[in-house]
Amino acid sequence: NTTLVGTFNNVTISGGLAASNVYFFDIQLDDITFNGTVAVNVSNGLTGVPITSFVRADPHITTWDGVVHTVFTEGDFILMHSAMTGMAVHGRFCKNARGHWASWTCAVAVRCDSTSEPTEVSALGWTAELPEPHSLVSTLASDVIQVTCPSGLSLLLKRQRFHRHFHIDARITLPFIAPGDVAGLLGTPNGDRSDDLQGRHGANLAVASPTEHFVGHASEILDAIHASWTVPSSEQLFKSEFVPTGGLQAHSRHNLRWASSLTQAAESKCRAAGLVSPTDVAICVHDMLAVNHDAAPESIAAFVKLVAENPVVSRPLEFVQ
Numbered sequence: 100n101t102t103l104v105g106t107f108n109n110v111t112i113s114g115g116l117a118a119s120n121v122y123f124f125d126i127q128l129d130d131i132t133f134n135g136t137v138a139v140n141v142s143n144g145l146t147g148v149p150i151t152s153f154v155r156a157d158p159h160i161t162t163w164d165g166v167v168h169t170v171f172t173e174g175d176f177i178l179m180h181s182a183m184t185g186m187a188v189h190g191r192f193c194k195n196a197r198g199h200w201a202s203w204t205c206a207v208a209v210r211c212d213s214t215s216e217p218t219e220v221s222a223l224g225w226t227a228e229l230p231e232p233h234s235l236v237s238t239l240a241s242d243v244i245q246v247t248c249p250s251g252l253s254l255l256l257k258r259q260r261f262h263r264h265f266h267i268d269a270r271i272t273l274p275f276i277a278p279g280d281v282a283g284l285l286g287t288p289n290g291d292r293s294d295d296l297q298g299r300h301g302a303n304l305a306v307a308s309p310t311e312h313f314v315g316h317a318s319e320i321l322d323a324i325h326a327s328w329t330v331p332s333s334e335q336l337f338k339s340e341f342v343p344t345g346g347l348q349a350h351s352r353h354n355l356r357w358a359s360s361l362t363q364a365a366e367s368k369c370r371a372a373g374l375v376s377p378t379d380v381a382i383c384v385h386d387m388l389a390v391n392h393d394a395a396p397e398s399i400a401a402f403v404k405l406v407a408e409n410p411v412v413s414r415p416l417e418f419v420q
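Just add 99 to wherever you are in the sequence shown, counting from 1, and you've got our numbering.
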């Protein structure tokens, strides 16, 4: 436990801050720098800049610390959970009923805390109701839903289309100081990229390059890590049982490579749609070439624009024991 009492000016916190029990009493804060960035600048109280992760398309996951990996397997998966707080987000990855080998996020289930009931948002039905006072659901547009929990967990969800079926793109946000036991396919929010691709039971895939894009079924270790985060029946948040679509297996998609001319043409289309981030461009190129998603540039650009128009907001931090 850490207790701070008194007045502090220009406090610098170096290294990671993954505390499970932190209490602040009578604090006057000017600036707190977290990993070189001013995260707090207030005269009274304590606020923080939240941390984010993403699940997009088929589905490409960007962890809290920025590692990108892709899951091609069907099923219900733990995106994140915290036993200490009861917060949890599950993703349901479904393959197209037409038999396409890639899976997509067809539903998301969320539990705000240990006292709230879970609910799910389906790309097919596209409705969400969470019981008050544990959550707040807002419809920002016909294809955009935002879920905000008092615990600081929030989801920005956009319904997207791939040929004849719908899927969900999601931004998941946690408070500035996250519970120390957060884990799942979204990684561990501790500022350390090297442990983001970690299985529930210990398997770990080291992250060497900050821009490396780990594609599902590219290695047996990564496949095992993904499989380890399959939701056990005792932890299920979805009300309905998962039913496999019988899509094609993706094991033949190991080590995907394309001619440089195809890659360059896809990159040009992705950048022409307004994509700038190397991660966004890489995902766009993958979707165009690997899953024949011709509308990938526009689809990804629409989600990037939505995220930019709905920035995460600094909020008072709440610490739970």
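No residue lacks a Cβ here, since even glycine has one placed at the ideal position from N, Cα and C. Values in this document were obtained by computation on a predicted structure and should not be read as measured data.
- Using a Cβ-Cβ distance cut-off of 8 angstroms, the region 395-412 and the region 161-172 are not in contact, since fewer than three pairs of beta carbons, one from each stretch, lie closer than that value.
- Bridge partners of E219 according to DSSP: A208.
- Within the same chain, Cβ atoms closer than 8 angstroms to the Cβ of R370 are found at V380, the five residues on either side in sequence being excluded.
- By alpha-carbon distance to A365, the top candidate from S376, H385, V375 and P377 is H385.
- As for any beta strand (DSSP E) of minimum length 3 sitting wholly inside the region 157-198, the runs are 159-161, 167-169, 174-180 and 187-194, ordered along the chain.
- For D386, the enclosing alpha helix (DSSP H) stretches over residues P377 to A389.
- For A282, DSSP records a beta bridge to H180.
- In this structure, S202 sits away from C211, with a CB-CB distance that is not shorter than 9 angstroms.
- Residue pairing by DSSP puts K257 in a beta bridge opposite V243 and D268.
- Boundaries of the alpha helix (DSSP H) around R370: S359 to A371.
- In this structure, DSSP gives R292 a helical state, which the three-state scheme calls helix.
- Within the DSSP secondary-structure output, T329 pairs in a beta bridge with F176.
- By the Cβ-count criterion, N195 is buried, with 16 or more other Cβ atoms from all chains shown falling within 10 Å of its own Cβ.
- By the criterion of a C-beta distance shorter than 6 angstroms, P217 is surrounded in its chain by A208, R210 and L336, once the five residues flanking it on both sides are discounted.
- Under the DSSP assignment, V406 falls in the alpha helix (DSSP H) whose first and last residues are A395 to E408.
- Of the candidates H159, S250, I177 and P149, I177 places its Cα closest to the Cα of A326.
- Annotation: V342 is outside any beta strand (DSSP E) and is labelled neither H nor E by DSSP.
- In the displayed model, L321 falls within a helix according to three-state DSSP.
- Bounds of the beta strand (DSSP E) holding V154 are I150 to R155.
- Selection T172, S213, H180 and L256 evaluated against L405 yields L256 as nearest (Cα-Cα).
- Contact between D295 and D164 holds: CB atoms are separated by about 5 angstroms, below the 8 angstroms threshold.
- About 17 angstroms separates the Cβ atoms of T184 and S152, ruling out a contact at the 8 angstroms cut-off.
- With fewer than 16 other beta carbons inside 10 angstroms of its own, G301 counts as exposed.
- Annotated as proximal: V220 and A206, with beta-carbon spacing under 9 angstroms.
- Taking a 10 Å sphere around the C-beta of Q363, we find fewer than 16 other C-beta atoms and assign the residue as exposed.
- Cα atoms of D280 and A358: separation of roughly 43 angstroms, rounded to the nearest angstrom.
- Beta bridge pairing from DSSP links V306 with no other residue.
- Burial state of S333 is exposed, judged by a 10 Å Cβ sphere holding fewer than 16 other Cβ atoms.
- For V306, the closest alpha carbon among the candidates R155, D157 and T162 is that of T162.
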